[in-house]
Amino acid sequence: MAKLVKTKVEFEGHIREEEVVVERDDLTAWSAASPMTHVGEPRPRIDGPARVTGAAEYTSDVRLPRMLWGVVKRSPHPHARIRAIDTSPARALPGVVDILTHENCGDISWYDESRLLDSTVRYHGEEVACIVAEDEQTALDALDLIAVEYEVLHHVVDIEAAAEPTAPQIHPGLKPGGNRTAEPSTYLRGNMEQGISEADVTVAASYRTPCALHSSFETHGSVVSWEADELTVWDSTQNIFGVRSGVASKLGLPLAKVRVISRYMGGGFGSKNDVGKYTILAAIASRRTGRPVRIMLSREEEFLSAGHRPPAIVNVELGAKRDGRLTFIRARSLSTPGAHGRGGFQVCGPFREYYQCDNVETVQDAVYTNTGPACAFRAPGYVEGTFALESAMDELAGKLGMDPLELRIRNHAERNQPRDMPYSQKHLLEAYEQGATAIGWKGRRDTASPTATGGRHAASGTVRGIGMASQGWGGGGSPPSYALVRLNPDGTFDVMTGTHDLGTGTKTVMTQVAAEELGVGMDRIRITIGDTLTCPYSLLSAGSLTVPSVGPTVRAAAHDAKRQILDIAGSLLDVDPGRLSVADGVISDSGDSSRTVSVDEIAAKIGNYMVIGKGARGPNPSDVSVNTFGAQFAEVEVDTSTGEVRVLRVVAAHELGRVLNPLTLSSQIEGGVFQAAGLALMEERVLDPATGRFVNPNFSEYRLPTTFDVPKVESLFVGPPDEQSNNTGAKGAGEPPIIPTAAAIANAVSSAIGVRIRELPLTRERVLAALKERR
Amino acid sequence: MKRFSFAAPGSAREAVRLLAENEDARLMAGGVDLGHEMKRGIRSPSLVVHLSRVARLDGITLNDGRLEIGALTKIQALESNEVVLEHAPLLAAAAREVATPQLRAMGTVAGNILQRPQCWYYRDPDSFCLRKGGKHCHAVAGDNRYHAILGGGPCHIVCPSDLAPALLALGASAVVTAPDETERTVPLSELFVGPGVDPHNEHVLAHGEVVTRLVLPSSAGLANAFLKARERTAWDFALSSVSALCDTGPDGAVRSARLVLGGVAPNPWDAAEAAESLVGRPLDDDAIGAAAAASVRGARPLRDNAYKVELTQRLVTKALERLRGD
């Protein structure tokens, strides 16, 4: 039964109220005391064998009859105007079938101010032409045969330089001077003057985070095929319905003519939330040639053009009373969306939310630079902002002479201050307590002493330190999301929902939810996701949305199917269906346990008369804010002679509501910690200041952490199911584990060496410089 | 990658002939470095001559107290070979620090010491730098955090190899077959050339010359240490490396020592003055401190890499402390 309601929709720190059609969800949330058979159990991934044996078909595995191979020619310059393109030598190469340039690919707008293929290129790696050929090597051979005459323009790649009034202007329509994408976004609560006057102690510092790359195992790409006027797109995406609408709008097609499939994909981390140029180029080339076209980016292209976490500079001021209570928080961030887009990541979100403080002012500023387009990267903005805030909190604790954890406890925020409402629940204080116990926080001062040399050479010793940081994030999910559950005549079920499994275990946990509600084994259920034609709509899989949005949807659909099955069983057994329940595939009467019938018998009896359960995600509660909370504690060892930092251990204590599957959840947490360890220690895109070129676009020179570089991770799940959040009580865990790690590591290093490093990554150069400062 | 022809001749003579006939041909040993260059389009040879089918180019033997290591011996073999562990433990230690197990299983000894620079301007296919025949070294005005602090100019690459400094410290020579089939022996101290002499090549070998084996004296019983500083614990090139070797008399005084640095100069950097300063003295803190200071004497860091001077001194100190048995 649908109705029009207002619901709060949260996505990656942005809150908006939408008036939407939502279905009622009358299901009572599973409580902490509800007995569970499947949910909460450490079930291995149902598609693990298919993934590791190569049986799973990823987008890059799709091969269609008569398929052509596409490659993209890209700009070597960070800013240039294309004077002329000569494609005739490339076209003459045997095996080359078609070439797209800005002159023949149609007038398709992109990023608001640019075109699919534009006559002006604004970053090293921007798309200039697309070649399709009979095979990949021929397409690659043709790349160098396209002659492009460029008029090279002045460029700027550094964010501070781009903000200068005299910087080269990247877009003609901008207000002159400074390349600002928009007016800075500001937030104010309370009275800053009063907060400043009340402060006994203040700190002010500037913190910097580098540009980091998503580095998904599977690069971006699509295989497309037309059948008459119907287009099928196999895409590596986190957002099949978003890609469908993007493709339809770019190409002027009805939605019903576009099908997007993404059954398996190898990671996205926010970089695959939208339709890509490669998809549209492939679709145009495919229409022109009448043949299927495949374009998958190479690793180098992926690094140049497929998104990143943009660099950020955050200036922070904090003030506190002697007892540690914050009197004001001020933060100003500068970041960049790259050459295109709007950015708008919530770098200052943590400053507004994490701690109780009446007087808060934040300003988020962004400038265009001649760099690849940024995109969401696992907790966009919050990773950068949390590094700044949580470093500054430690600096404040140092100035107050207070335990950094105690400072955080004293400033614990009971309410969601920006939204001015209570939280559905908040168990952060328990996370602090459990994490501190697990890492040995109380004894931590004892470890900050030389251990390796017995003091003979203080310079060649190693020192250890422990640090911590908090995180707060959404993760409450939202409508709309729909699922169908069908009973087959042999008692098996098909579950269909248009979500995605980025490698996180979505299919596994949704199968657990369906099995739990249906009262049958997981092996009785086949789940289909990632297909816009066969699955009902679900949201993109980003912003820690999937579990809290799709989980309750699948449960609702399973419940609807179960209700119908119990109705049939009731008439068969001649009892009130309200007295029937199902467990282990057997339906029994609560009043008379001898009266039973199995789900299989019901299915066989009704044959091809089908039970179809339909479920929808209900609205979010309107009077409380649903959030996730957590704290991470890191122990590091620093070699004081060579500046080497090793992260020994991370304890990750998070409040995420109900745990659907502790195995896949701890994998999520470990992955988040590892990704953040890379950011803290070694990952960094390097742009040549003179040429504006990206000089390390490969896994050899852009360093991801190896297994030797990542810590042992201990995951602690804190707090009960969040019964106000949705009918499963589970919240999203995609982003929370990456948010506090870099700050916790930096705080641990500072605790070990006694000097603060305010810029990531913690390279040998920075650690040696800090050690020098200490001497 | 561009199209290329591929030959896998059955003899070194045939390989040399193929190279001599084609200026544009490239020799491939393990293919690790050449493969990367070809993939990125830094080099696009028309012919690749793979040595995999040439017999007797790999293997480790001991003859009259001299080790002979075939050019195509896998780096992996050096890690655990008993002859190497006994007679050149420094080389085994260096081999263990190279790249990853997968790359050590493919990479060869000769390929490793002759690998091209890792400089990101050299490796950028669209950058026409001095080493590639252009006018300027782009590192001078560019981001030079990983470039040379010693012996740089006019090009500022660093030696990326871990094995080359260790082999130089061990007094190794390369046995080279020329196109006319004559053999010559080139000490490693003469194999490498700095950019001041030749900004385009890192070694003196002519096109068509093939390194067939390396020979080195046994260093059994000598104290040795290989230390490597890098940003990542594995699969990373050296920011700085130290190959240290030392013979100490019964009185505790140093009789002879070698200190060779990697990752800080265009070639393996023989810190001879530092090593000689140790001779005749016990390895005490003063001697170690003086040698560490001497090891980077004359360093001329660029804008972004001064930290490597300090890092190298620390590594030398640590290596010498280890030689002492700390």
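From first to last, the protein sequence lines are chains W and E.
So the working numbering is basically just the index in the first sequence, starting at one, shifted up by 558.
So the working numbering is basically just the index in the second sequence, starting at one, shifted up by 47.
Backbone N, C-alpha and C fix where the C-beta goes; we use that ideal spot for every residue, glycine too.
Note that this is a predicted model, so its numbers are computed, not measured.
Inset, instruction - Please confirm if the region 160 to 170 of chain E is in contact with the region 200 to 209 of chain E, defined as three or more CB-CB distances below 8 Å between the two stretches. - result: yes
Legend entry - Under 7 Å (Cβ pairs) to chain W, residues found in the region 276 to 302 of chain E: Ala-276, Glu-278, Arg-279, Thr-280, Ala-281, Trp-282, Asp-283 and Leu-286
Inset, instruction - Over the uninterrupted alpha helix (DSSP H) stretch that includes Gly-151 (chain E), give me the two end residues. - result: Here residue 151 (chain E) is Arg; the residue named in the question, Gly, does not match the sequence. Per DSSP, Arg-151 (chain E) belongs to the alpha helix (DSSP H) from 148 to 153.
Legend entry - C-beta neighbour in chain W for Arg-371 (chain E), strict 8 Å: no
Inset, instruction - Using a Cβ-Cβ cut-off of 8 Å, state whether Ser-1224 (chain W) counts as contacting chain C. - result: Looking for chain C here will not work: the only protein chains present are W and E.
Legend entry - His-1212 (chain W) - containing beta strand (DSSP E), residue span: 1203 to 1213
Inset, instruction - Please state if the CB of Thr-565 (chain W) and the CB of Pro-1177 (chain W) are separated by a distance shorter than 8 Å. - result: yes
Inset, instruction - Figure out for me which residue from W:Ser-1308, W:Val-801, W:Ala-720 and W:Tyr-926 has the closest Cα to the Cα of Tyr-1095 (chain W). - result: W:Val-801
Legend entry - Under 8 Å between C-beta atoms of Glu-581 (chain W) and Ala-950 (chain W): no
Inset, instruction - Going by CA-CA distance only, name the one from W:Lys-830, W:Val-654 and W:Leu-562 that's closest to Pro-931 (chain W). - result: W:Lys-830
Legend entry - Min CB distance Ala-1306 (chain W) to chain E below 8 Å: no
Legend entry - Minimum Cβ-Cβ distance from Ser-773 (chain W) to chain E less than 8 Å: no
Legend entry - Contacts around Glu-320 (chain E), its chain only, beta-carbon distance under 7 Å, and the 5 residues preceding and following it disregarded: Ala-341 and Arg-344
Legend entry - chain W within 8 Å of Gly-189 (chain E), Cβ atoms only: yes
Legend entry - Interface flag, Tyr-354 (chain E) vs chain W, CB-CB below 8 Å: yes
Inset, instruction - Would you mind telling me which residues of chain W sit closer than 7 Å to Glu-357 (chain E), beta carbon to beta carbon, in chain order? - result: Leu-1326
Legend entry - Proximity to Gly-1025 (chain W) [Cα-Cα], best of W:Val-761, W:Tyr-1040, W:Asp-952 and W:Asn-974: W:Asp-952
Inset, instruction - Examine the Cβ distances between the region 1059 to 1079 of chain W and the region 1216 to 1229 of chain W and report whether three or more of them are shorter than 8 Å. - result: yes
Legend entry - Closest residue to Gly-834 (chain W) among W:Glu-785, W:Arg-1261, W:Thr-777 and W:Ile-997 (Cα-Cα distance): W:Thr-777
Legend entry - Rounded distance between the beta-carbons of Ser-1139 (chain W) and Ser-547 (chain W), thought under 8 Å: In the structure as shown, chain W begins at 559 and stops at 1333. Residue 547 (chain W) is therefore absent and cannot be evaluated.
Inset, instruction - Using a Cβ-Cβ cut-off of 8 Å, state whether Lys-121 (chain E) counts as contacting chain W. - result: no
Inset, instruction - Using alpha carbons as the reference points, say which of E:Lys-355, E:Met-48, E:Gly-336 and E:Trp-282 lies closest to Pro-172 (chain E). - result: E:Met-48
Legend entry - Contact belief for Phe-903 (chain W) with Leu-947 (chain W) at Cβ below 8 Å, rounded distance in angstroms: Not confirmed; about 15 Å, so no contact.
Inset, instruction - Flag Arg-900 (chain W) as yes if its beta-carbon sits less than 8 Å from any beta-carbon of chain E, otherwise no. - result: no
Inset, instruction - Compare the C-alpha of Val-1053 (chain W) against each of W:Thr-678, W:Arg-977, W:Val-1169 and W:Asp-699 and name the closest. - result: W:Val-1169
Inset, instruction - Going by DSSP, name the residue or residues bridged to Cys-166 (chain E). - result: DSSP output for Cys-166 (chain E) lists no bridge partner at all.
Inset, instruction - Take Pro-329 (chain E) as the anchor and find which of E:Pro-234, E:Ser-91 and E:Leu-370 has the nearest alpha-carbon. - result: E:Leu-370
Inset, instruction - Check whether the Cβ atoms of His-866 (chain W) and Ala-770 (chain W) sit closer than 8 Å, and answer yes or no. - result: yes
Legend entry - Euclidean distance between Cα positions of Ala-281 (chain E) and Val-145 (chain E): 8 Å
Legend entry - Segment contact flag, the region 983 to 1000 of chain W with the region 916 to 935 of chain W, C-beta cutoff 8 Å, min 3 pairs: no
Legend entry - Cβ pair Val-301 (chain E), Asp-317 (chain E) closer than 8 Å: no
Inset, instruction - Look at the Cβ atom of Lys-1270 (chain W), then the Cβ atom of Arg-1207 (chain W), and state whether they are nearer than 8 Å. - result: yes
Legend entry - chain W contact for Leu-197 (chain E) (CB, 8 Å cutoff): no
Inset, instruction - Could you check the C-alpha separation between Arg-1333 (chain W) and Lys-275 (chain E) for me, to the nearest Å? - result: 24 Å
Legend entry - Proximity test, Cβ basis, 8 Å: Met-1240 (chain W) and chain E: yes
Legend entry - CB of Thr-925 (chain W) within 8 Å of CB of Asn-737 (chain W), strictly: It should be pointed out that residue 925 (chain W) corresponds to Val in this sequence rather than to Thr. Closer than 8 Å, so yes.
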